[in-house]
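A.B. asks:
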Amino acid sequence: MTKTTAQTARPESWQGARTFVVERKVAECDIITSFYLAPEDGAPLPSFEPGQFLALELDIPGEKDTVRRTFTISCSPTDPAFYRLTIKREPPPPDQPDAPPGLSSNFFHDHVDVGTKINVKAPAGKFFLDVASDVPVVLLSGGVGLTPMISMVNTIVDQGNGRDVWFIHGTRGRKEHALGDHVRQLAAKNANVKTHTVYEKAGPDCVKGQHYDSEGFITLELLQDLLGGTDFEFYLCGPPAFMKVIYNVLYDWGADETRIHYEFFGPATVLREGAPPPDEAAQDSGAEDAGQGGTITFAQSGRTAEWEPKFENLLEFAEANGLAPASGCRDGICQTCMVELMEGEVIYAEDPIIPPDPGFVLICQAKPNGDVTIDI
Ligand SMILES: Cc1cc2nc3c(=O)[nH]c(=O)nc-3n(C[C@H](O)[C@H](O)[C@H](O)COP(=O)(O)OP(=O)(O)OC[C@H]3O[C@@H](n4cnc5c(N)ncnc54)[C@H](O)[C@@H]3O)c2cc1C
Ligand code: FES
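Mapping the sequence shown onto our numbering, position 124 (from 1) lands on 206, and the numbers just tick up by one.
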């Protein structure tokens with residue numbers, strides 16, 4: 083039986099930010115917590131594609147500007163009443179232990195509770211499961227990169243059409259392992275769902291077959307053992323090092339590149355030597371001549387500089403001028419870099435996935451077209 087859900091009867095998406103209220107907060111492991119968001123107006127929610135994210139606008143005490151971050155919806159689209167986000171508490175980088183910890187993720191863990199209101203933009207993103215396909219799927223995740231995969235595996239189970247799916251997850255150990263019981267239960271109840279969890283290091287409290295299946299890393303040998311071949315659609319999400327290794331393992335094994343789909347939670351990096359980075363690919367679309375430049379005024383800091391065409395975008399230009407504006411994906415996806423365009427006009431190499439608010443600019447994607455003043 084195919085459970086198609088009530089998607090067709092669900093409302094259209096919304097424009098701008100909508101107020102949501104946290105209905106539940108559930109710790110999934112020591113460092114990852116889920117937040118169930120329901121719309122304040124109580125109206126049913128638009129559906130979404132499994133793998134898509136929400137862009138949030140956060141008012142964080144002590145922060146002068148709105149903080150913008152994106153988080154993947156970690157549930158399936160079946161339930162019209164809420165969206166779930168599953169968020170890792172981001173520590174300082176290992177090589178800079180004295181740096182401030184992640185702003186928004188720690189705010190969520192420490193200060194967002196049942197009843198907290200959050201401004202949310204409609205689901206968006208191009209990394210999602212092709213639900214119309216019946217090709218077997220391999221979902222490969224590292225760390226908190228499992229969130230889109232959870233949405234995808236839940237959706238396949240909800241569809242009830244027996245599509246084969248492998249959920250393969252690598253993480254440091256049990257303390258960092260979210261939603262493990264959930265995935266194991268799905269595999270126990272559905273013959274088409276198979277799972278394998280790799281702990282970098284299993285502690286004394288970890289039971290093989292219950293918490294994890296093997297120790298070390300996800301390797302070619304492991305994938306060959308589990309999958310037996312590459313005739314799958316592959317979906318990848320995890321830290322850059324994980325993505326690079328897994329992508330190359332699949333590529334060298336002979337997987338069809340067009341069937342390897344991936345998303346970065348931070349700045350995109352080159353996955354395979356020789357392949358153009360995503361932003362170079364964007365330039366190849368013929369947009370490299372766009373943006374004539376002029377005088378760039380950074381209003382908050384009071385600095386002014388002449389645009390130099392060697393820069394890819396206003397974000398890089400601001401950084402080269404000693405400023406440190408907020409940024410995330412640097413790929414036009416997350417809206418973290420959105421700032422007010424106070425004067426002038428900009429040009430985008432590629433249309434951003436979520437257009438900036440009227441009067442604002444995504445500086446990681448925009449070049450100036452003449453004199454420009456931005457609120458940095
Ligand atoms: C499409 C997409 C989907 C995503 N989905 C998820 C998801 O489902 N779950 C999830 O947990 N995350 C997800 N993310 C990541 C998320 O959006 C945030 O980037 C992440 O939570 C970190 O944000 P933050 O505000 O906590 O950290 P930030 O404040 O942005 O800091 C990032 C890092 O920089 C360090 N840092 C801060 N200031 C300094 C400094 N002065 N010097 C040196 N280092 C510094 C911090 O310690 C931290 O390690 C997603 C990202 C994208 C693009
Ligand atoms: S940094 Fe993500 S949209 Fe600009």
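Each residue gets a CB set at the ideal place from its N, CA and C atoms; glycine is no exception.
Within the chosen definition, does the segment 174-194 reach the segment 324-342 through at least 3 CB pairs nearer than 8 Å?
C.D. replies: No, they do not touch.
A.B. asks: In this structure, does DSSP put HIS264 in helix, strand or coil?
C.D. replies: Here HIS264 sits in helix by DSSP.
A.B. asks: Can you list, in chain order, the residues of its chain with a C-beta nearer than 6 Å to that of ILE238? Leave out the 5 residues immediately preceding and following it.
C.D. replies: Cβ within range, chain order: ARG245 and VAL247.
A.B. asks: Should GLU94 go down as buried or exposed, given a rule of 16 or more other Cβ atoms within 10 Å for buried?
C.D. replies: Label assigned to GLU94: exposed.
A.B. asks: Name the two residues that bound the continuous alpha helix (DSSP H) containing TRP335.
C.D. replies: Note, TRP335: alpha helix (DSSP H), 322-335.
A.B. asks: On the three-state DSSP scale, how would you describe PHE347?
C.D. replies: In the structure shown, PHE347 sits in coil (DSSP, three-state: anything other than H, G, I, E or B).
A.B. asks: Which of the three DSSP states, helix, strand or coil, is assigned to PHE299?
C.D. replies: Of the three classes helix, strand and coil, the one that applies to PHE299 here is coil, per DSSP.
A.B. asks: Where SER156 and GLY133 are concerned, what is the direct C-alpha to C-alpha distance, given to the nearest angstrom?
C.D. replies: Cα to Cα, SER156 sits roughly 8 Å from GLY133.
A.B. asks: For GLU370, does the three-state DSSP call read helix, strand or coil?
C.D. replies: Because the pLDDT of GLU370 is 47, which lies under 50, any placement of that residue in the model is unreliable, and the number read from its coordinates should be weighed accordingly. In the structure shown, GLU370 sits in a helix (DSSP, three-state: H, G or I).
A.B. asks: Going by beta-carbon coordinates alone, are LEU167 and LEU136 separated by less than 8 Å?
C.D. replies: Yes, the Cβ-Cβ distance between LEU167 and LEU136 is below 8 Å.
A.B. asks: For PHE399 and VAL421, what's the separation of their Cα atoms in angstroms?
C.D. replies: Those two C-alpha atoms are separated by around 14 Å.
A.B. asks: What distance in whole Å lies between the Cβ atoms of GLU315 and VAL428, which are believed to be in contact at a cut-off of 8 Å?
C.D. replies: 36 Å between Cβ atoms; not a contact.
A.B. asks: Just to check my reading of the structure: PRO128 and PRO205 have Cβ atoms closer than 8 Å, yes? What is that Cβ distance to the nearest angstrom?
C.D. replies: That pair is a contact at about 7 Å.
A.B. asks: Quick one: using the 10 Å Cβ neighbour count with 16 as the cut-off for buried, is LYS257 buried or exposed?
C.D. replies: Per the 10 Å Cβ criterion, exposed.
A.B. asks: Is the beta carbon of PHE442 within less than 7 Å of some heavy atom of ligand 1?
C.D. replies: Checking the Cβ of PHE442 against ligand 1 gives no.
A.B. asks: How long is the line joining the alpha carbons of SER409 and LEU397, rounded to whole angstroms?
C.D. replies: Cα to Cα, SER409 sits roughly 8 Å from LEU397.
A.B. asks: Could you say which of VAL454, MET424, ILE458 and ARG412 lies nearest to CYS446 if we only look at CA atoms?
C.D. replies: Of the candidates VAL454, MET424, ILE458 and ARG412, the one whose C-alpha sits nearest the C-alpha of CYS446 is ARG412.
A.B. asks: Is it the case that the segment 142-157 contacts the segment 284-296, given that we only count it when at least three CB pairs across the two stretches are under 8 Å?
C.D. replies: Segments in contact, no.
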